[in-house]
Structures are given as structure tokens and as C-alpha cells.
Amino acid sequence: MKNKILKMEFFNRPTLKVARGLLGKFLVHQFPRRSALNLRNSARREISAMITEVEAYIGLKDRASHASRGKTKRTEIMFGKSGRWYIYLVYGMHYCLNIVTEKENYPAAILIRSVKIGDKEIKGPGRVSKYFQINKKFNGKFADEKTGLWIEDRGVKINPRDIKRGKRIGVDYAGTWKDRLWRVYLTK
DNA sequence: AGATTGATCCAT
DNA sequence: TGGATCAATCTG
């Protein structure tokens, strides 16, 4: 089957459904050609890996979500169109890569926490961003070929029995919202 | 367990 | 405008 880039319709749905759907899909970062001269011998460089763990952040009331403080310069992307990247620096060190979901004006996004390349798993959102060379320049851009960073279906079928869910990581400040089972991950 | 690190947000 | 906070990771 031909690799299929996920379009806005995929993300413009209930966030938990999208989150489960992202497991087994592939994150792809394709670098631009350096120059026309290099075209022949330089295959376009590409980093890709299968998504194995994500977390959902859903709505204004979710106190674990940045959007719970309302629309600000930083969070306005979460209120915008789905299928765009939401990227922020956390703890002054690590970039976190999120994809915006749901309809406009309903703030929601999914954090990509882990990916797998062959047998090697990259665990943790900071490590994922480092491996994929993510920085804030992608913030607010659509996840498509033009941006050079997207998610695609490579035909991997995921058995629902291989999906587990758990509490989100690092959100103990979020009151009762910390206990929502909005982290989903593959067990094999 | 403790250090690191800087953007963000809100109360002075 | 200052200071607490933070969707994490590394080292010991």
C-alpha cells in the first residue's frame, strides 16, 4: 500500500479517537534539498519512526492542558485548526511535539511521547523531538509535505488488544484531571 | 534525589 | 517587571 499522509479530517475528530489512531502511524521529517546541484547524489534526507505512545489534552476545563488558562499567545494554536503542530519548550530545555485536534475554537492536542525504529524505542517527548530535530520553527505549521513534517499511514495494523491506557505523565498539579487515562501506548 | 534551563504567565 | 511555574531528562 502507498504511504498515506494524514489530512486535517483525520485530526478533526474526538481527540481520544485520534490518539488511539495515531499509534502505529509514522512520524516523518523530510529535510529540504540543500541545492539543485546536489539533487543527483543526495537522496532527500528523511527521519521517520512509528508512533508508540501519545497523550491527549482536551478542552478548556482540562487543568493539565496549557489551554485551561484560556487563549494566550502561546496556546492560540490549540484553539485553531486541527492538523497543525503545537510545539513548546518545557523546563527551559526540551521541545514537546503536539498535533492539534478537534474543531476550531475547541482547544485540544496530542503530545507524541514515544516512537520506535525497528527494535529501538525512543521514550519521552524531549527525546523524540531531539531525534527528529524538532524546534519551534514548526510551531503553527500544518503537518504536511510543504512543512516537511507530517504523519503518515504505512499500513501497519494495530490490534486494539495491544493498546493500553494510563495516567498522563508530569501533571500532578492538575487536580482530578491528573487521573484521566488520557495516555495511550502500544504494549508490543 | 537534585540540578539544569528559559519561555510563559500572572500578580505585584 | 519580578518571580513562580513547568506536558522533562540527565547524573549520581
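Each residue of the first sequence is one higher than the one before, starting from 126 at the first, in the working numbering.
Each residue gets a CB set at the ideal place from its N, CA and C atoms; glycine is no exception.
Check	Outcome
Determine the direct distance from the alpha carbon of Arg-286 to that of Tyr-220, and round the result to whole angstroms.	31 Å
Could you check what DSSP says for Thr-272 in three-state terms: helix, strand or coil?	coil
So, at 7 Å on beta carbons, what are the nonlocal neighbours of Leu-152 in its own chain, with the 5 sequence-adjacent residues on each side left out?	Ser-173, Ala-174, Ile-176, Ile-237, Val-240, Phe-257 and Ile-276
Pop quiz: Lys-303 and Val-296 are said to be a contact at Cβ under 8 Å. What is the actual Cβ separation, rounded to whole angstroms?	5 Å
Output needed for Phe-204: all residues of its chain with C-beta closer than 8 Å, excluding positions within five of it in sequence on either side, in chain order.	Ala-192, Lys-196, Glu-229, Asn-230, Tyr-231 and Pro-232
Residues bridged to Asp-278 by DSSP?	Lys-129
Less than 7 Å separating the beta-carbons of Ile-235 and Ala-299?	no
Could you tell me if Tyr-182 is buried or exposed, where buried requires 16 or more neighbouring beta carbons within 10 angstroms of its beta carbon?	buried
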